[in-house]
Amino acid sequence: MIHSLFLINCSGDIFLEKHWKSVVSQSVCDYFFEAQEKAADVENVPPVISTPHHYLISIYREKIFFVSVIQTEVPPLFVIEFLHRVADTFQDYFGECSETAIKDNVVIVYELLEEMLDNGFPLATESNILKELIKPPTILRSVVNSITGSSNMGETLPTGQLSNIPWRRAVVKYTNNEAYFDVIEEIDAIIDKSGSTVFAEIQGVIDSCIKLSGMPDLSLSFMNPRLLDDVSFHPCIRFKRWESERVLSFIPPDGNFRLLSYRVSAQNLVAIPVYVKHMISFKENSSSGRFDVTIGPKQNMGKTVEGVIVTVHMPKAVLNMNLTSTQGSYTFDPVLKVLTWDIGKITPQKLPNLKGIVNLQSGAPKPEENPSLNIQFKIQQLAISGLKVNRLDMFGEKYKPFKGVKYITKAGKFQVRT
Amino acid sequence: MSASPAYSEEKGGSSSLGEPEYGHDPASGGIFSSDYKRHDDLKEMLDSNKDSLKLEAMKRIVAMIARGKNASDLFPAVVKNVACKNIEVKKLVYVYLVRYAEEQQDLALLSISTFQRGLKDPNQLIRASALRVLSSIRVPIIVPIMMLAIKEAASDMSPYVRKTAAHAIPKLYSLDSDQKDQLIEVIEKLLADKTTLVAGSVVMAFEEVCPERIDLIHKNYRKLCNLLIDVEEWGQVVIINMLTRYARTQFLSPNQNESLLEENPEKAFYGSDEEDSKDDKLDAASLVKRKPYVMDPDHRLLLRNTKPLLQSRNAAVVMAVAQLYFHLAPKAEVGVIAKALVRLLRSHSEVQWVVLQNVATMSIKRRGMFEPYLKSFYIRSTDPTQIKILKLEVLTNLANETNISTILREFQTYIRSMDKDFVAATIQAIGRCATNIGKVRDTCLNGLVQLLSNRDELVVAESVVVIKKLLQMQPSQHSEIIKHMAKLTDNIQVPMARASILWLIGEYCEHVPKIAPDVLRKMSKSFTGEEDIVKLQVINLAAKLYLTNSKQSKLLTQYVLNLAKYDQNYDIRDRARFIRQLIVPTEKSGALNKYAKKLFLAQKPAPILESSFKDRDHFQLGSLSHLLNAKAVGYQELPDWPDEAPDPSVRNVEVPEWTKCTSREKRKEKVEKPFYSDSEGESGPTESADSDPESVSETESESGSSSSSSESGSDSGSRGEESGDQSEEEEEKKKKKKKKGKEGPRKACPESAGSDPSEEEEEQEQGKKGKKKKPQDEGKGASESSWEEGSVSESSSSKSDSGSEAEESQSEPESRRRTTPPSSKPAPKASRKETKEISLLDLDDFTPAPPQPASSPAIVSTSLVTDLEGLTLTNASLAPTMLSPVFSTVKTYELLHRMAGEGLSVEYYFNRQPFPPDPHMVAVQIQFSNNTESEVKNLRVSEPKLVSGMRIQEFQEIESLAPGDTASVIMGIDFCDSTQAANFQLCTHSRQFYVSIQPPVGELMAPVFMSENEFKKEQGKLTGMSEITEKLTLPDKCQSDHTIVQRVTAAANVSRVPCGADNEYRFAAKTVTSGSLILITLERKEGARAHLTVNSEKMVIGTMLVQDISQALAQ
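Each protein sequence line maps, in turn, to chains A and B.
Residues 1 to 418 (the working numbering) are what the first sequence spells out, left to right.
Residues 10001 to 11115 (the working numbering) are what the second sequence spells out, left to right.
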């Protein structure tokens, strides 16, 4: 299936290659570079490129292109999903999936890739199993290794691979047994010029950090499971139980993982926690324009909206901006034409406002389009859909775990059209 | 050593400099350096006996490999370490070996013995890893060794080793394709493996080595379906894709009913011709199958078992299921995938890109599916352009009369985007909407004309091109627009747009008689500087003008043609020559000349603006080929549905004789009981260690319920005379003993038999219950309590009787009669009393058991009932709350009297079982008895004359009925919740009889379980018009609880609902077709008076039910 993998950085260097079958020459990447040139920016490089003898399927993550070489028919999503899984694994192992991290740990990377695919077909992709096979580097371990000469290889044989629950490590032991769940909801919305909502939707995930000894069997129930319209599960969740009782029942992987992602049914009206008043205009035949944006809280369930950042992609003709803000600070990148206004917390008493003059290139025609505002925010201790975890029960182990649930609401793809 | 971390970073680069950092012995270094300038230090390290040095060296070598640097000259030094004790060194050596073995084949052979030793290791992981590396070394010489190793590993104890063997198969195949036959044998063997670990890998091997050998899948089909949910995600994708292809070859199209409606009868004929010679029985089956399409249970199995995977976190799995549903599911069910696909749009942009391409294809064929999610395809300014354009495509495909206004409003926003490519695509999308939806054509056109004054040239150019296409549809009304566009020629530089304008003017020069020659004049001036495409259109315009308005344009045309004559492009020269000959009359040009006008100014059909995704669905969705819209290497064509379903019995696994046997009786059995064999097949794989217990129970319960329905029918109808099949059935029963346990309680319905395996439990339960109930019992009378103990032994003895089926079936009609009040008069009094008392006691004991058929003497404890519910009622075709029917008394109706039927008498009764092929149908058990002297052949149903909406599921044709014989079949009728009769003909080989089945209102419903609270809640909703009450007086013999309950349940197929009050009885049911609730309350007042209340939306049914029940009670 997957023949070879090349990792390419933004400046076009192939800094890692791995072949699972016969070696494919680096020159195959020329087709990729060609396509990259054709596409104006990195986002628009087509993920699937057909070349005379191979097909290239690539993803772009953290300023690295993962380019895989395929020779025969294979579902493209299969490869894409796998490549993302590789990137996730790097992230998991090295804390970041960057070129330097990969170069620093090239042997581990190579060992990982060796385990993840066999003859191009995925073999072990669960992080729990991989960590049994190859220990992730820590500062302590690298120091110890350099002194004692011991290795990163797991000394014990990975028995997890053989078990019926391949996502969990075999022997897990903690002195403090804890289970934390983060319910994170993101609001995707498009607000039109007049302030009315064109489209809004809540997407949520439950990320878990579970450090429990032995083989705990957990079941998590919600106060209002009917809210969840569409769900996708970590493989550990027993689907039948959910279907019949709307209870999440599972033997968890060890460590951090995403338990569930969901979408809240579209029928429910989505509360939009902020509103924006905006006035962006460009004058005909003069090289300036006005910019005035105020942001305020709305339907925030009595919680404070914080971490507010407004990002605006200004038209190409904009040279620079002279603005004053009543709160927070703003920056304007004259190359990318991106205005970023970092507001922080919104207090209803004094609404943050940013206004001033936009300088345009002289002689350039007045930009027709108004830029749209992308807004980020965060609300702690609130799941905007109203989803609530009811209880967590544990079976199969005797100890009493410490349990915690955290709610947080964020802006997802939250866009205000002007 | 302190420098070691730097090494892993510095790669081979530093080593190539030859800095002897590790050259402890400069002398030896010198010797080596003469032969090998590079890597000498590495070699030394590898030769040292310190593991840490070796490891360091290997790390540097691997880093070189990772960089793509050549490290092949180290091969001899590295391969020595293949037997190193240190695991990490060993692993890195493996990595090196796999990379370079192909180049250094001879040296690589040195390592083989190590792996061969590894293959015998007691540890499964070492065996597996040895096989893995051995098979990854691409050295043709070791093919026989690999083959041997694979074969051995394929029968290894450890599933993990077997999985590795499956992985090794495609490796060996790619090395030497001559081994195919042997490898197929291994694949066949591994396909039969029952563990989830192996399933994905072996199917992968199957797809790479022998995807055409679909016959290997038959036997494993059901197992794969059942294991699917527990296979790891990558394997799921491969299996689902393969099963999609398989299903396309083995099942009939679920959507054929609509498409083949007309040609159906013919097709059936052909079918019978072909198969006649082989097997009449099958033929009959296929005939029945064809008319009203019934999905093959295996087809259904696949759809059902893949559906949960739509919830997978893995986009590839979701996509695989989506394509499976798109290609295989009936139209009505495809909708479920939309939600999951829309979810994927939140994922990484590459995933979005692929999913949107597939959604675009799907949305052309099944627009309705994505309509509810229209807004999810709205475009954000931050989306990458390639995503924007795909979303636009989907939006355009989804546009229809109702949503076009919202979509156009969105498009207006998009047109002002900064992304010009996207704007151009939007304009095209508007054009497509305008052509597809006539209503908005003018609005769109106006909008596009406004865009002509846009500042951006690209936008204008794109608008021109689209307007041109739109104008072609109705040019006469829009000469103003043409004039406007003619003016644009001065400004627009985009060649395509200029060409479009010129073509428009030429085509409609009659509408703009004054402007056209002027445009030609301008264009001829700039002719030489134009692009080729524009030049061609200038010539075109000149020719057309010459034909319509030669006075003004003759000279200009000559001039243009002359210019073109000497153009550099030969296309243009050709065109000029051609046109000159055609339009300018000369002596030679002759005939064609006359037709020049017709040629040039013919009516041209308006272009159809189509999606580029049209017709892409002949590629399997989700595949690389679909994405590229071209066949990729190794793409397996998705076959068309077959016209005739291949023999479904090939998928039967359990009894190998079956598949071979051709004897008629055995076949017959199979055909008559398709579910039976189904259950057998399913039972195998459920043993897998890690498959979800619930999934096990589901499949089992399903088989249980379905087989029980078919079986109980034949049992009760057979009267022990169906001896032909009896013995065989008996055999099967033995085989399925375990299963019987579960079937038991449901199957034993009409008689007083309980379920054997649950006997003990029941007794215990009963004991407990008895204690609890004691006060109540005492209140009712001491005589009853004395019955208690007796009854236990009594019931158990009656149960043990029922152990032997043969006896039972003979005594059955008798016992049925006994319990049927109207016809039960002649029954011996003693026995009657006995049964009655037993059941009375049961009733007292189990009033809290709501779904328990009150009159049925079968004793099942409450807990057991709930257990059974879980077991038996997850059948997908049943509504989850529907209960197994209550068996009280069976009333037999006459369908055809002996006299009228010339010796053939037919009776029917409502067996109150769910009808598995269609939950909306009432199952009718029909019994034929042949009282003639000769055989009756080909008994079948034909020409149903049904009130609209009613449907009949015919029984399978009875081939022959010997004199004195009886046969029993089940047919399903959807009465549409009305008591109108279903009329049809009953045909034999010689005669036809007109018959009709009229259901009593009580049979139009199925019992439903609910708690007291639910009952009250539902009753609260159904008041007013939906409530019908009647007062009645209960006769003397109808005073006991038991009798009342029995009579009510006899009159209607309802189940009892628990009730706190002593003097109240509640029952609940749902109508079979529409599923509307029917709630019955009977309240006893002082004396013999009582109030009967029926709550139901269906007032007609309610009224009739009240009548029926009060009649039944009054008797």
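For every residue, glycine included, the Cβ atom is placed at its ideal position computed from N, Cα and C.
This one's a predicted model, so the numbers in the text were calculated from it and none came from an experiment.
Where the stretch 72–91 of chain A meets chain B: residues whose CB sits under 9 Å from a CB there: The stretch 72–91 of chain A vs chain B, Cβ under 9 Å: THR72, GLU73, VAL74, PRO75, PRO76, LEU77, PHE78, VAL79, ILE80, GLU81, PHE82, LEU83, HIS84, ARG85.
Segments assigned beta strand (DSSP E), at least 3 residues, entirely inside the stretch 10922–10987 of chain B: 10922–10930, 10936–10945, 10951–10953, 10958–10961, 10966–10974, 10982–10987, all fully within the stretch 10922–10987 of chain B.
With 16 other Cβ atoms within 10 Å as the buried cut-off, status of GLY10506 (chain B): Counting from 1 along the second sequence, the entry for residue 10506 (chain B) is found at position 506. Flag for GLY10506 (chain B) reads buried.
Residues that ILE202 (chain A) contacts on chain B, provided the C-beta gap is smaller than 8 Å: On the first sequence, residue 202 (chain A) is found 202 positions in, with the first residue counted as 1. Correct list: empty, because the minimum Cβ distance to chain B is about 11 Å.
Selection of the stretch 10326–10356 of chain B by Cβ proximity to chain A, strictly under 9 Å: LYS10339, ALA10340, VAL10342, ARG10343, LEU10344, ARG10346, SER10347, HIS10348, SER10349, GLU10350, VAL10351, TRP10353, VAL10354, VAL10355
Contacting positions in the stretch 10049–10081 of chain B - beta carbon closer than 8 Å to chain A: Residues of the stretch 10049–10081 of chain B with a C-beta less than 8 Å from any C-beta of chain A: LYS10050, ASP10051, SER10052, LEU10055, LYS10059, VAL10062, ALA10063, ILE10065, ALA10066, ARG10067, GLY10068, listed in chain order.
Residue-level contact to chain A via CB, ASN10314 (chain B), 8 Å cutoff: Mapped onto the second sequence, residue 10314 (chain B) falls at position 314. Cβ-Cβ to chain A under 8 Å: yes for ASN10314 (chain B).
Distance, LEU10134 (chain B) Cα to ILE10214 (chain B) Cα: Along the second sequence, one-based indexing puts residue 10214 (chain B) at 214. Along the second sequence, one-based indexing puts residue 10134 (chain B) at 134. Approximately 29 Å between the Cα atoms of the pair.
Three-way DSSP call (helix, strand, coil) for MET11118 (chain B) in this model: For residue 11118 (chain B) there is no data in the structure shown, the boundaries of chain B being 10001 and 11115.
Whole runs of the beta strand (DSSP E) within the stretch 11017–11044 of chain B, excluding any shorter than 3 residues: 11027–11033
Test: PRO47 (chain A) CB closer than 8 Å to a CB of chain B: Translated into the one-based positions of the first sequence, residue 47 (chain A) becomes position 47. Answer yes: the Cβ-Cβ gap between PRO47 (chain A) and chain B drops below 8 Å somewhere.
Selection from A:VAL312, A:MET223, A:ASN359, A:ASP217 that minimises the alpha carbon distance to GLU284 (chain A): Here the question's residue 284 (chain A) lines up with position 284 in the first sequence. For the residues A:VAL312, A:MET223, A:ASN359, A:ASP217, the minimum Cα distance to GLU284 (chain A) belongs to A:ASN359.
Burial state of PRO10254 (chain B) (16 or more Cβ within 10 Å): Position 254 of the second sequence, counted from the start, is the residue given in the question as residue 10254 (chain B). Burial call: buried.
Proximity below 8 Å, CB of ILE10952 (chain B) to CB of PHE10984 (chain B): Working through the second sequence from its first residue, we reach residue 10952 (chain B) at position 952. Working through the second sequence from its first residue, we reach residue 10984 (chain B) at position 984. It is a contact, given that the beta carbons lie within the stated cut-off.
Three-way DSSP call (helix, strand, coil) for GLU10248 (chain B) in this model: Numbered from 1 along the second sequence, position 248 holds the residue referred to as residue 10248 (chain B). It should be pointed out that residue 10248 (chain B) corresponds to Arg in this sequence rather than to Glu. In this structure, ARG10248 (chain B) counts as helix in the three-state DSSP scheme.
Contact under 8 Å by Cβ, ALA11116 (chain B) with VAL10143 (chain B): What is shown of chain B runs 10001 to 11115, which leaves residue 11116 (chain B) out entirely.
Presumed contact (8 Å Cβ cut-off) between THR11071 (chain B) and LEU11004 (chain B), rounded CB distance: Working through the second sequence from its first residue, we reach residue 11071 (chain B) at position 1071. Working through the second sequence from its first residue, we reach residue 11004 (chain B) at position 1004. Contact flag correct, Cβ pair sits at about 6 Å.
contact_flag[the stretch 244–257 of chain A, the stretch 288–303 of chain A] where n(CB pairs < 8 Å) is 3 or more: Result no; under three Cβ-Cβ pairs closer than 8 Å.
Local Cβ density within 10 Å of GLY11024 (chain B), reported as buried at 16 or more and exposed below that: Translated into positions along the second sequence, residue 11024 (chain B) becomes position 1024. Under this definition GLY11024 (chain B) is an exposed residue.
DSSP-derived helix/strand/coil call for ALA11068 (chain B): Locating residue 11068 (chain B) in the second sequence gives position 1068, where the first residue counts as 1. Looking at ALA11068 (chain B) - three-state DSSP - the assignment turns out to be strand.
Per-residue contacts from ARG10940 (chain B) into chain D (C-beta, under 8 Å): Among the protein chains of the structure shown, namely A and B, there is no chain D.
Rounded straight-line distance, which links the Cα of CYS11038 (chain B) to that of ASP10965 (chain B): The residue you call residue 10965 (chain B) lines up with position 965 of the second sequence. The residue you call residue 11038 (chain B) lines up with position 1038 of the second sequence. Their backbone Cα atoms lie some 39 Å apart in a straight line.
Burial state of ARG11122 (chain B), where buried means 16 or more other Cβ atoms lie within 10 Å: Outside the shown range of chain B (10001 to 11115) lies residue 11122 (chain B), about which nothing can therefore be said.
Those residues which DSSP pairs with PRO122 (chain A) across a bridge: Along the first sequence, one-based indexing puts residue 122 (chain A) at 122. DSSP output for PRO122 (chain A) lists A:LEU117 as bridge partner(s).
Other residues of its chain near SER10158 (chain B): CB distance less than 6 Å, five sequence neighbours each side excluded: As a working note, residue 10158 (chain B) is residue 158 in the second sequence. For SER10158 (chain B), where only same-chain residues beyond five positions count, the Cβ hits under 6 Å are GLN10124.
Which of helix, strand or coil DSSP assigns to PRO10674 (chain B): As a first step, residue 10674 (chain B) is located in the second sequence; it is residue number 674 there, counting from the start. Low per-residue confidence applies at PRO10674 (chain B): pLDDT is 37, beneath 50, and the placement is therefore not dependable, though the value from the model is reported in the following sentence. DSSP, reduced to helix, strand and coil, places PRO10674 (chain B) within a helical segment of the structure shown.
Own chain residues within Cβ distance below 6 Å of ASP342 (chain A), not counting five before or after: For the purposes of this step, residue 342 (chain A) is taken as the residue at position 342 of the first sequence. Taken in chain order, the residues that qualify are ILE309, GLY328, SER329.
Contact under 8 Å by Cβ, ALA324 (chain A) with GLY296 (chain A): The sequence position of residue 324 (chain A) within the first sequence is 324, counting from 1. The sequence position of residue 296 (chain A) within the first sequence is 296, counting from 1. Note that residue 324 (chain A) is Thr in the sequence shown here, rather than Ala. No, Cβ-Cβ distance for THR324 (chain A) and GLY296 (chain A) is not below 8 Å.
Any chain A beta carbon closer than 8 Å to ALA10320 (chain B): For the purposes of this step, residue 10320 (chain B) is taken as the residue at position 320 of the second sequence. Answer yes: the Cβ-Cβ gap between ALA10320 (chain B) and chain A drops below 8 Å somewhere.
ASP10574 (chain B) burial status per 10 Å Cβ neighbour count (16 or more: buried): Reading the second sequence from its first residue, position 574 is the one you call residue 10574 (chain B). Classification of ASP10574 (chain B): exposed, given that the 10 Å Cβ count is below 16.
Inter-residue spacing [alpha-carbon to alpha-carbon] between ALA179 (chain A) and LEU259 (chain A): Numbered from its first residue, the first sequence carries residue 179 (chain A) at position 179. Numbered from its first residue, the first sequence carries residue 259 (chain A) at position 259. Those two C-alpha atoms are separated by around 12 Å.
Sequence-distant residues of the same chain with beta carbon closer than 7 Å to LEU354 (chain A), five excluded per side: Translated into positions along the first sequence, residue 354 (chain A) becomes position 354. Only VAL293, LEU323, SER325, TYR330, TRP341 meet the Cβ criterion.
Proximal residues of chain A, C-beta to C-beta of GLY11002 (chain B) below 7 Å: Start at 1 with the first residue of the second sequence, and residue 11002 (chain B) comes out as number 1002. Correct list: empty, because the minimum Cβ distance to chain A is about 31 Å.
Buried versus exposed, by CB contacts within 10 Å (16 or more), PHE10578 (chain B): Counted from its first residue, the second sequence places residue 10578 (chain B) at position 578. Answer is exposed; the Cβ neighbour count stays below 16.
Spatial neighbours of VAL10238 (chain B) in its chain, beta-carbon cut-off 7 Å, leaving aside the 5 residues before and after: Walking along the second sequence from the start, residue 10238 (chain B) turns up at place 238. The residues are GLY10200, VAL10203, MET10204, GLU10207.
Cβ contact check for the stretch 10215–10230 of chain B and the stretch 10633–10652 of chain B: 3 or more pairs under 8 Å: yes
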